[in-house]
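Chains as they are written, first to last, in our numbering: chain A, 1 to 368; chain B, 1 to 268; chain C, 1 to 517. Where a beta carbon is used, it is the ideal one built from N, C-alpha and C, also for glycine. Owing to the predicted nature of the structure, the values given are computational and were not obtained by experimental measurement.
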Amino acid sequence: MAEVHQKRPIKMPQLNVKVIRLLATAVVLVLLIARIRNVAIESQYGADTWLRLSVSGLIVGGMYALIAIGYTLVYGILFMINFAHGEVMMIGSFGGYFVFEAFNAIPVTLKDGTQNSFLNAQPVIAILLAFLAGMGIAALTGYFLEKIAYRPLRGAPRLVPLISAIGASIFLQNAGQLLFGPQRRQYINPSVIDRGLGWQIPIGGTNVLLTYSGIFSLVLSAALMIGLFVLVQRTKLGRAMRAVAQDKRTAALMGINVDKIISQTFVISGALAGAAGVMWGIHNGLTNYFVGFLPGIKAFTAAVLGGIGNIPGAMVGGMFLGIVEAIGPAALGIDFQLKDVIAFSILILVLILRPSGILGEALTEEKV
Amino acid sequence: MSTLLETRRVTKVFGGLTAVNKVDLVVPKGKIASIIGPNGAGKTTLFNCISGFYKPEEGQVIFDGNVINGKLTDRIAALGISRTYQNIRLFKNMSAVENIMVGFEPRMHQGWLSVMLRTPAKRKEEKHVIAEATKLLKYVGLEGLGDNLATNLPYGAQRRLEIARALGNNPKLLLLDEPTAGMNPQETDIMKTFIRSVRDDLGVTIILIEHDMRVVMDISDQISVLDYGQKIAEGTPKEIQANPRVIEAYLGLGASALSEKYRREKQL
Amino acid sequence: MKSSLIQKAAKSGVVFAVIVIFLALIGFTVTAASLIQKVFGEAVGVSAMPAYPALVVFLGFIGLWNGWRAAKHTGDHPLRAGSAIVAGLVAGFVAGLFVLVYTLIVGTIHSNGVDMRVYLSSLSPESIVYFLFGQSTLTGGLIHLGLSIVSAAAGALLAIFSDRSQHQFALWKQKLSLWVNTSWPAKLRKNVFVGYIAMGVVLFLLVILPRTWGSYWNYIMGTVGIYVLLGIGLNIIVGYSGQLVLGYVAFFAIGAYSFALVTAPDPHHLNWNFWVALLVAIVASAISGVLIGLPILRLRGDYLAIVTLGFGEIIRILIKSDWLKDITLGPRGVRNIAGPTLLGKSFSSDIDFMYLIILAVLLSIFLARRWQESRIGRAWLSISQDETVAQATGVDTYKYKILALAIGAAFAGLGGALFASRNQFTGPEDHVLMVSINVLSLVIVGGMGSIPGVILGAFTLKGLPEILRELESYRLLVFGALLVLMMIIRPEGLWPAKRPKYGEKSPPLDAEKGGPE
Chain A
1 MAEVHQKRPI
11 KMPQLNVKVI
21 RLLATAVVLV
31 LLIARIRNVA
41 IESQYGADTW
51 LRLSVSGLIV
61 GGMYALIAIG
71 YTLVYGILFM
81 INFAHGEVMM
91 IGSFGGYFVF
101 EAFNAIPVTL
111 KDGTQNSFLN
121 AQPVIAILLA
131 FLAGMGIAAL
141 TGYFLEKIAY
151 RPLRGAPRLV
161 PLISAIGASI
171 FLQNAGQLLF
181 GPQRRQYINP
191 SVIDRGLGWQ
201 IPIGGTNVLL
211 TYSGIFSLVL
221 SAALMIGLFV
231 LVQRTKLGRA
241 MRAVAQDKRT
251 AALMGINVDK
261 IISQTFVISG
271 ALAGAAGVMW
281 GIHNGLTNYF
291 VGFLPGIKAF
301 TAAVLGGIGN
311 IPGAMVGGMF
321 LGIVEAIGPA
331 ALGIDFQLKD
341 VIAFSILILV
351 LILRPSGILG
361 EALTEEKV
Chain B
1 MSTLLETRRV
11 TKVFGGLTAV
21 NKVDLVVPKG
31 KIASIIGPNG
41 AGKTTLFNCI
51 SGFYKPEEGQ
61 VIFDGNVING
71 KLTDRIAALG
81 ISRTYQNIRL
91 FKNMSAVENI
101 MVGFEPRMHQ
111 GWLSVMLRTP
121 AKRKEEKHVI
131 AEATKLLKYV
141 GLEGLGDNLA
151 TNLPYGAQRR
161 LEIARALGNN
171 PKLLLLDEPT
181 AGMNPQETDI
191 MKTFIRSVRD
201 DLGVTIILIE
211 HDMRVVMDIS
221 DQISVLDYGQ
231 KIAEGTPKEI
241 QANPRVIEAY
251 LGLGASALSE
261 KYRREKQL
Chain C
1 MKSSLIQKAA
11 KSGVVFAVIV
21 IFLALIGFTV
31 TAASLIQKVF
41 GEAVGVSAMP
51 AYPALVVFLG
61 FIGLWNGWRA
71 AKHTGDHPLR
81 AGSAIVAGLV
91 AGFVAGLFVL
101 VYTLIVGTIH
111 SNGVDMRVYL
121 SSLSPESIVY
131 FLFGQSTLTG
141 GLIHLGLSIV
151 SAAAGALLAI
161 FSDRSQHQFA
171 LWKQKLSLWV
181 NTSWPAKLRK
191 NVFVGYIAMG
201 VVLFLLVILP
211 RTWGSYWNYI
221 MGTVGIYVLL
231 GIGLNIIVGY
241 SGQLVLGYVA
251 FFAIGAYSFA
261 LVTAPDPHHL
271 NWNFWVALLV
281 AIVASAISGV
291 LIGLPILRLR
301 GDYLAIVTLG
311 FGEIIRILIK
321 SDWLKDITLG
331 PRGVRNIAGP
341 TLLGKSFSSD
351 IDFMYLIILA
361 VLLSIFLARR
371 WQESRIGRAW
381 LSISQDETVA
391 QATGVDTYKY
401 KILALAIGAA
411 FAGLGGALFA
421 SRNQFTGPED
431 HVLMVSINVL
441 SLVIVGGMGS
451 IPGVILGAFT
461 LKGLPEILRE
471 LESYRLLVFG
481 ALLVLMMIIR
491 PEGLWPAKRP
501 KYGEKSPPLD
511 AEKGGPE
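Dropping the structure here:
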């Protein structure tokens with residue numbers, strides 16, 4: 001075996017993909033920071049604007065996080081992107097809309113003899129029912145979505161369920177358009193969380209309005225996220241879900257009904273998206289058939305950002321994306337029209353530079 | 001006798017598990033080397049390190065004097081290492097001939113423009129590849145089945161088609177991952193003869209992962225035994241059969257008794 | 001046993017009731033009835049409702065299907081007449097009951113004077129009255145119940161009849177296929193000249209039709225032609241190399257805009273020649289394909305889909321934005337885009353344009369086939385089937401994926417340039433996500449990787465809705481449903497791809513090398 005050592009192996013200078021990624025990340029970060037510094041120096045915005053933007057980013061981020069959890073839950077179990085998830089949110093948004101509309105149409109005479117709508121007379125009941133309806137109908141949509149469009153395709157090549165999901169998304173969006181019309185609809189809020197009302201916070205000479213509706217959304221999304229976290233970590237269902245996500249076959253051998261768990265996952269993620277939909281309506285005051293499209297993609301971005309399959313990651317990613325998107329145009333000194341471009345660019349940059357996301361661990365190498 | 005492939009202290013870790021632990025392996029040119037060991041011993045992981053699917057955390061894979069670990073799998077294939085898979089992985093919806101023709105890929109040079117213009121050089125190359133692929137098809141005994149989709153072929157034929165595809169790039173080294181898995185004794189015998197003839201006819205060096213001791217003992221020039229990711233023994237079939245550590249690894253069953261047991265199981 | 005049978009039938013009935021109610025809610029019942037009436041030769045006047053028999057035919061058809069399905073799902077082989085009819089009746093009754101409840105709700109709200117359109121935009125008062133057959137709420141609902149039961153029973157009878165005659169059908173089918181395979185159709189098929197003659201007839205039609213069928217058809221078929229072009233391009237990316245790209249419209253937009261900006265007088269005063277501009281559009285799209293592909297093609301399938309979708313949206317938002325207004329004219333779009341000229345003469349009539357599009361389509365089919373049937377096509381296909389193994393077999397997957405994207409993008413660029421030139425206008429609203437989805441649908445419905453499939457897909461998904469104008473607003477709904485349905489029942493598409501045969505080209509046997517047997 002002596003001749004083996006005669007030929008010294010030639011060491012090739014290899015440009016590692018990791019090194020390239022690291023360099024590219026550094027370059028992008030440096031450019032961004034330089035740009036932000038320049039803008040900040042000649043900034044025309046005061047502290048009030050920044051506060052307003054960050055708060056609104058945080059509120060929207062909470063909704064993104066709720067939707068992103070749905071993507072992450074489904075991806076963790078089925079390894080597919082539920083493209084129609086944004087549409088589930090849209091349907092949830094309409095669920096809340098109809099409850100508010102119905103309650104607004106019911107007149108009540110208050111004790112002091114004034115006429116008012118049921119909506120404003122009993123706002124707590126109205127809000128509760130609106131969320132129940134939105135979450136319920138969205139959960140139902142999620143359930144049937146899985147049952148009709150995904151379940152028959154278990155075990156098919158990856159492209160097949162993905163195309164089916166795209167088809168389902170197109171179907172739901174257009175069903176929404178045909179049912180509810182293409183026009184934007186005014187979301188009627190109970191007067192206690194009217195969009196104009198809120199706390200005034202004086203900052204730098206001007207007042208920043210913290211709307212009740214926004215704070216309400218933020219608190220509710222935080223509560224729902226904590227609830228979900230407890231559900232996944234502490235309950236039997238959560239344990240089963242985690243088991244199925246790890247290994248479907250072994251889970252089935254352990255007596256877990258895999259199909260049922262998958263269905264329940266879709267129901268849970270649908271309900272969260274539905275809640276986000278109702279919040280979206282309350283916060284923005286408008287809804288229509290297209291309302292789920294952009295939040296859907298952005299929430300997916302958030303899920304990828306936090307490392308897809310990772311629940312806390314989706315929460316952090318959602319919040320992060322919401323804030324970045326809100327303050328990004330101002331910080332970078334670009335047009336607010338290009339807000340959506342920022343979200344998409346983040347998605348692309350993250351996927352290229354760090355595909356496992358911010359909190360995600362490295363994906364395991366494929367078993368051959 | 002020169003060395004074709006050498007692994008030096010190759011180590012691959014998954015999470016906390018060291019699947020391959022500092023394995024040194026030297027395969028001389030023109031030989032059939034077998035890797036045996038209990039399930040989960042790291043045999044396929046070692047294959048994956050050699051063919052470039054995995055990047056070993058430590059150590060080097062040296063092929064024909066070049067360090068190849070860390071290279072992309074297509075570059076390694078172009079250097080002359082081909083492989084088959086434990087669970088057959090053909091291009092299912094392509095015909096058998098086309099599967100083999102994909103194997104010729106590293107040897108083809110015509111680009112998109114010459115394909116678009118259908119230059120004489122391109123036509124010549126295509127003709128040559130079709131002829132060679134048909135020849136290979138015949139060589140593995142699938143003559144006349146070339147236009148069938150790979151997925152429609154019977155199991156044994158799929159195994160042989162996979163080998164034919166691997167032979168397409170004119171490899172110097174062929175990695176066979178359990179080529180006789182799921183075969184009956186007759187088919188196993190045919191496969192055994194075939195593996196030997198590939199080496200003899202084409203001068204291809206072969207590394208074999210195999211559970212069937214009869215095959216291993218009959219055709220190997222050299223056997224390495226892996227257990228828990230470590231190489232515990234190496235030598236000729238005779239030496240291995242007498243090695244106490246190997247016998248221990250196989251739960252106290254003697255290697256010959258084991259092969260006897262396998263044979264009986266297969267015949268049942 | 002009996003109760004499970006009834007349960008199953010009732011379930012089927014519920015499904016069909018949901019379908020009918022959904023169709024009523026989106027206003028499809030009225031559209032379908034008017035189509036049926038049109039088929040029988042009486043066009044429906046503007047804003048008038050079709051006659052009631054048309055609705056009966058439509059609902060009867062659905063009911064028939066309901067009964068048929070319920071009877072077929074009783075699980076007996078062969079069908080037992082008794083249980084099949086019971087199943088049909090139960091399914092019909094349940095479906096009718098649900099529809100009755102629906103009509104009661106809607107009818108009551110309607111008769112209280114509420115305009116439902118505020119909430120559900122398709123529920124106009126006229127359509128509600130129409131759905132009640134012009135009767136009172138309860139009578140209308142009962143008619144629905146009766147219709148459902150009767151038609152479902154008829155469906156069950158039909159199922160029994162077809163089950164009884166299945167053997168006979170099989171015999172006929174066998175005879176027919178025997179005849180097709182042995183008698184003169186087989187001889188015709190094997191004859192080379194028949195192929196040439198067929199090709200000649202097609203070419204003749206392609207030459208003669210644009211001159212004879214008028215500008216309306218030229219417009220529709222031109223659109224179909226451009227979609228065939230786009231379909232062939234996307235087919236290379238999705239069908240051959242298996243990379244799901246959802247932002248195909250980005251390349252279409254880049255082609256259209258680069259063509260528009262170098263030929264239009266405004267904003268850049270370039271006024272380049274049509275052919276030069278066409279080349280610029282193609283090259284610009286191809287380069288953008290490479291540039292976009294370089295960073296993202298290492299991504300796995302589903303990530304790739306959403307990233308490319310993002311790219312498509314970015315391009316559209318950028319085109320539309322104030323930021324690039326000086327270059328692209330923003331939301332207003334670019335006008336007065338040049339038409340084709342040759343040796344100083346203008347060829348911009350609709351007939352000339354039709355010929356140009358036909359030429360482009362033929363050329364692209366020719367080129368796509370060349371690539372498909374070479375080592376490149378094989379490499380693409382191997383990547384689409386098992387990327388990991390393809391790479392380990394020696395295929396430079398990264399290079400081939402970028403090549404596929406570049407070629408596909410070039411086709412999209414050509415399509416975009418022709419589209420802009422024909423309309424003499426291009427704006428951001430020409431380049432919405434729906435274009436990508438249209439093209440993707442036609443590729444998938446036609447059959448991934450199959451050129452005849454793309455043509456078939458373009459005609460059915462783009463041509464048919466143009467002809468059946470009534471269905472326009474339901475087109476995307478149907479596309480979505482079609483994508484799901486195709487994936488479940490026929491993922492290979494209507495006209496699946498065939499692999500080329502190499503059998504005849506086998507060289508003489510080589511005696512030197514012996515096989516193992």
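Which residue wins for smallest C-alpha separation from residue i, given the options the options?
| i | options | result |
| --- | --- | --- |
| L209 of chain A | A:V74, A:D48 and A:Y187 | A:D48 |
| G63 of chain A | A:P312, A:I91 and A:G274 | The identity of residue 63 of chain A in the sequence shown is Met, whereas the question assumes Gly. The shortest Cα separation from M63 of chain A among A:P312, A:I91 and A:G274 belongs to A:G274. |
| I352 of chain A | C:L299, C:I489 and C:L359 | C:L299 |
| P154 of chain B | B:H128, B:G182, B:Y54 and B:T134 | B:G182 |
| P331 of chain C | C:L342, C:I337, C:G339 and C:I319 | C:I319 |
| N284 of chain A | A:V60, A:W50, A:V30 and A:I69 | A:V60 |
| G242 of chain C | B:E6, B:P56, B:N93 and B:K29 | B:N93 |
| I314 of chain C | A:F290, A:P312 and A:I342 | A:I342 |
| G16 of chain B | B:R8, B:E57, B:N39 and B:V27 | B:E57 |
| K111 of chain A | A:Q122, A:A105 and A:N104 | A:Q122 |
| G457 of chain C | C:L483, C:L433, C:R469 and C:E470 | C:L483 |
| A284 of chain C | C:P267, C:G310, C:F251 and C:I306 | C:F251 |
Please list the terminal residues of the continuous alpha helix (DSSP H) segment that includes residue i.
| i | result |
| --- | --- |
| W199 of chain A | Element bounds for W199 of chain A: not the alpha helix (DSSP H) but the beta strand (DSSP E), G198 to I203. |
| S364 of chain C | D350 to Q372 |
| A81 of chain C | A81 to S111 |
Quick one: give me the first and last residue of the beta strand (DSSP E) that residue i is part of.
| i | result |
| --- | --- |
| R69 of chain C | No beta strand (DSSP E) holds R69 of chain C; the alpha helix (DSSP H) holding it covers Y52 to K72. |
| V208 of chain A | T206 to T211 |
| I232 of chain B | Q230 to G235 |
May I ask you to verify whether the segment 21-31 of chain C touches the segment 466-475 of chain C, counting CB pairs closer than 8 Å and requiring at least 3? yes
The segment 141-154 of chain A / the segment 265-283 of chain A touching (three or more Cβ pairs under 8 Å): yes
Curious, which full-length alpha helix (DSSP H) runs of at least 4 residues does the segment 1-52 of chain B contain? 43-51
What are the residues in the segment 241-271 of chain A lying within 9 Å of chain C by C-beta distance? none
With 8 Å as the limit, tell me which residues of the segment 148-173 of chain A have their beta carbon closer than that to any beta carbon of chain C; keep them in chain order. I148, A149, P152, L153, A156, R158, L159, V160, P161, L162, I163, S164, I166, G167, A168, S169, I170, F171, L172 and Q173
For the segment 56-75 of chain B and the segment 240-251 of chain B, state whether three or more C-beta atom pairs, one from each stretch, are separated by less than 8 Å. no
Would you call the segment 374-393 of chain C and the segment 134-141 of chain B in contact, with 3 or more CB pairs under 8 Å? no
Check each residue of the segment 45-58 of chain B: if its Cβ is closer than 9 Å to any Cβ of chain C, include it; give the result in chain order. S51, G52 and F53
Which of the residues in the segment 473-491 of chain C, read from start to end, lie with their CB under 8 Å from any CB of chain B? none
The segment 345-365 of chain C in contact with the segment 228-245 of chain C per 3-pair CB rule at 8 Å: yes
List, from N- to C-terminal side, the alpha helix (DSSP H) runs of 4 residues or more that fit wholly inside the segment 120-154 of chain C. 125-131
Select from the segment 312-336 of chain C all residues with a C-beta closer than 9 Å to any C-beta belonging to chain A, and list them in chain order. E313, I314, I317, L318, K320, S321, D322 and W323
Specify whether the segment 186-202 of chain C and the segment 332-350 of chain C touch according to this definition: at least 3 beta carbon pairs, one from each stretch, less than 8 Å apart. no
Cβ contact (3+ pairs, closer than 8 Å) linking the segment 191-205 of chain B and the segment 234-241 of chain B: no
Residues from the segment 440-468 of chain C in contact with chain B, defined by Cβ distance under 7 Å: none
Contact the segment 112-123 of chain C vs the segment 44-51 of chain C: 3+ CB pairs below 8 Å: no
With 8 Å as the limit, tell me which residues of the segment 363-389 of chain C have their beta carbon closer than that to any beta carbon of chain B; keep them in chain order. L367, R370, W371, S374, R375, I376, R378, A379, L381, S382, Q385, D386, T388 and V389
Ignoring anything shorter than 3 residues or poking outside the segment 160-226 of chain B, list the beta strand (DSSP E) runs there in chain order. 173-177 and 205-209
Quick one: which residues of the segment 396-427 of chain C get their C-beta closer than 8 Å to a C-beta of chain B? List them in chain order. D396, T397, L403 and I407
Residues, ordered as in the chain, of the segment 83-108 of chain B that lie near chain C by beta-carbon distance below 9 Å: R83, Y85, R89, L90, F91, K92, N93, M94, S95, V97, E98, N99, M101, V102, G103, F104, E105, P106, R107 and M108
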